[in-house]
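Plus 740 on top of the position in the sequence shown (first one is 1) and you've got the numbering used here. Glycine included, each C-beta is placed from N, C-alpha and C at the ideal position. Just so it is clear, the structure is predicted and the values come from calculations on it, not from any experiment.
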Amino acid sequence: MERLARVVVVIALAAVPAAGGASAATSVLLGDTVTCDASATEGHPSSYAWYVTEPGGSPPTQPTSTAISFPLLLDAIGTWTIELVVGYPHQAPGGGTYQAEASTTIQVEVVVTSLELSDTQITTEESLTLDGTASRWSDWVTPTVMFRLDWVAYAPCNVQSPPDPSVLTCVVPPGFFEPGPHIASLRLQDPVSGSYSRATVDFEVVAVSPLAVDFSWEPVNPDPGALVQLEIQVQPPEAEADLLTATWDWDDGQVLQQPCQPYGCMFASHEWAQQGWYDVHLLVETADESAEVTRTIQVGNPPTPPVAAFTATPASPLLVRPVTFTFTGSCEEPCTYAWAFGDGATASIPSPSHTYVVPGTYTARLTVTNDGGCDSEQLPITVSPCWSPASPVQSGTCYGAPIQLTAAAGVAWLWSTGATSRTVTVGLAGDYWVDVNSGGSCWGHSPWTVALANCGDPGGDANLDGATDLADVPALLRELADGDGTAVIDAGAADLSAPGGDVTRDWLLTASDLEAILAILFAGP
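Take a look at the structure:
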């Protein structure tokens, strides 16, 4: 459908100086048709002469039209000048016909960009909507679209070949902008002519302060039984109006929950019957968030609570090297010290030493207690080997048979079993390790998993003594009655009857195996 823009030029009465139409250029899109109309001219003119100058052209010598109105197709980009000369039938002073003139300009553009924001001030938790739907462009073009934020293209909102301005909306999610001033822009460009139009809007982003709470009290050092007045402070201050509850834990077994609506909850009072150090905890809540704080109140003159602090030397020890833990805190006697080194070992003296025998990262923790309370501190300890010995060599793989593990060569050894020789004998499947000293107190760590199989004589040698005889019968009977289950795989190395007792080869030890052994023994020649 053709869009029409109406240009009205008004000419004053002949006795009055001519008055033109709009003094500022009217913005029209390329390809629009406007109507040049002089019907509102007063004074009954007898002739009309329109002179239309196209962008970059020269004023015509002959009228473009002599009608009272005519349509004009705007098919060139730039400023069009439209002049109207009207004549009147009566004589002008000094002779000749009276004439009057008026003119106006029309600015023809390919695209006209408009940009509006949902708000010119948002918080870091709010989204921002960029609205370019009031933009316009000629029916003759399909513009390219570029939304920019702080002059950087914002790709999620750019539209390829927009069908009409209604699609020119963009929502920027919360948290995208840092606090401070920003600028948003929308640029539409005709890719053929290169003509473009840009609209920019400044806006500001304000940081949202999370809810925070604190409190003060009077008197600062109350006596037992004295009434203590407490006052809450919240940040930001305007959040006070949004508080729903304030919950006080007085650290003496009593808890107070105060509703904040409709009267407010910024003040509270409490009495502590006994002297001591009380860790008072306050929790405030709104519909959307909460904040909490713990402050220590001294009532009377109690013993000073301890401060748990310590150092570890060396801070990053090597394997099987002693670590010295030095207490650097404070404690008013009598005090107790509870150390946990993170590997199951403990100590109860102020400054112990400890040796880690397995590499890894451990958390050493100290808890100090006296009549004033207790305090804890912890420190990560990373233990490293200084070399990597080869894995132990396993000799033997059968349940019930002796299993030997031989460590790599070195000058000293420490096994997970507690043995300190290079070779150890084990009887159970499972995980083992050995620390090997290569010399000069340089220890390495080597783990090993012992896996055993049911590889004994299935022909009835229940006690694995190399013969199937009457001695195998009590061995099998003991195994059937020891209560560790009937599966062969469950039998440990101490159960020497297990491997050879599975005569029926069903991986179970049952009465059927006993019958099979008896059949072997009494089968005769």
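Reduced DSSP secondary structure (H/G/I, E/B, other) of residue i
| i | result |
| --- | --- |
| S1252 | helix |
| I808 | coil |
| A789 | strand |
| I822 | strand |
| L770 | coil |
| C897 | helix |
| A952 | strand |
| D1212 | helix |
| S906 | helix |
| F1007 | strand |
| A1087 | strand |
| L1351 | Outside the shown range of the chain, which is 741 to 1265, sits residue 1351, and nothing can be said about it. |
| L1261 | helix |
| A1055 | coil |
| A966 | coil |
| P977 | helix |
| D991 | coil |
| D815 | coil |
| D879 | coil |
| D871 | strand |
| D777 | strand |
Supposed contact pair residue j and residue i - C-beta distance, whole angstroms, cut 8 Å
| i | j | result |
| --- | --- | --- |
| I972 | V1024 | 7 Å |
| V1008 | L970 | As written in the sequence, residue 1008 is Ala, which differs from the Val given in the question. That belief holds up - the Cβ atoms of A1008 and L970 are roughly 5 Å apart, short of 8 Å. |
| F1067 | P1090 | 4 Å |
| S1088 | W1079 | 7 Å |
| G1112 | E1072 | 7 Å |
| D930 | P896 | Their Cβ separation, rounded to whole angstroms, is 24 Å, which puts D930 and P896 out of contact at 8 Å. |
| T1266 | C1075 | Residue 1266 lies beyond the residue range present for the chain, which begins at 741 and ends at 1265; the question has no answer from this structure. |
Proximal residues to residue i (C-beta, below 6 Å), its chain only, five neighbours per side dropped
| i | result |
| --- | --- |
| S1131 | S1186, W1188 |
| E1029 | L951 |
| D982 | T1026 |
| S1116 | A1048, T1107 |
| L814 | V768, D772, V848 |
| D871 | E856, T909 |
| W957 | V968, L970 |
| D942 | I923 |
| V974 | V953, E980 |
| P921 | E944 |
| Y788 | A778, T806, I808, V826 |
Where the beta strand (DSSP E) containing residue i begins and where it ends
| i | result |
| --- | --- |
| T1163 | 1163-1166 |
| N842 | Looking at the sequence shown, residue 842 is not Asn but Ala. From DSSP, the beta strand (DSSP E) with A842 extends over 837-849. |
| A1048 | It is not in any beta strand (DSSP E) - A1048 carries neither H nor E in the DSSP assignment. |
| G1170 | 1170-1177 |
| R1061 | From DSSP, R1061 is part of no beta strand (DSSP E); its letter is neither H nor E. |
| H922 | 920-929 |
| H1094 | 1093-1095 |
| H1021 | 1016-1025 |
| D1115 | 1113-1123 |
| L996 | 995-999 |
| N1041 | Note, N1041: premise wrong, no beta strand (DSSP E); not H, not E. |
| F943 | 936-946 |
| A1152 | 1152-1155 |
| V1098 | Per DSSP, V1098 belongs to no beta strand (DSSP E) and is neither H nor E. |
The ligand GTP heavy atom lying under 6 Å from the CB of residue i
| i | result |
| --- | --- |
| P1074 | Because no ligand of any kind appears in the structure shown, any question about the ligand GTP cannot be addressed here. |
Own chain, CB closer than 8 Å to residue i, minus 5 neighbours either side, in chain order
| i | result |
| --- | --- |
| I1143 | Q1134, S1135, G1136, T1137, T1165, V1166, G1167, V1190, L1192, A1233 |
| T1163 | Q1144, L1145, T1146, A1147 |
| Y894 | F887, R888, C910, V912 |
| G1179 | G1150, V1151 |
| V899 | V885, V907, L908 |
| T1095 | V1060, R1061, P1062, V1063 |
| G1170 | T1189, V1190 |
| D991 | Y1018, D1019, V1020, H1021 |
7 Å Cβ shell around residue i - same chain, five flanking residues per side excluded
| i | result |
| --- | --- |
| Y791 | P799, P800, P803, T804, E823 |
| S933 | I817, V850 |
| T819 | A765, P795, T845, Q847 |
| V948 | T863, T864, E865 |
| S779 | I808, S809 |
| S786 | G827, Y828, P829 |
| G1100 | V1123 |
- Taking three-plus beta-carbon pairs below 8 Å as touching, is the stretch 1045-1061 in contact with the stretch 1116-1136? Because the criterion of three Cβ pairs below 8 Å is met, the stretch 1045-1061 and the stretch 1116-1136 touch.
- Between the stretch 930-938 and the stretch 836-856, do three or more beta carbon pairs fall short of 8 Å? With the rule of 3 Cβ pairs closer than 8 Å, the stretch 930-938 counts as touching the stretch 836-856.
- Message: Could you check whether the stretch 991-1005 touches the stretch 941-954, counting it as contact only if at least three pairs of C-beta atoms, one from each stretch, sit closer than 8 Å?
- Response: Taking a cut-off of 8 Å on C-beta distances, the stretch 991-1005 does not touch the stretch 941-954, as fewer than three cross pairs fall below it.
- Meets three-Cβ-pair contact criterion under 8 Å: the stretch 863-882 and the stretch 959-966: With fewer than three CB-CB distances shorter than 8 Å, the stretch 863-882 does not count as touching the stretch 959-966.
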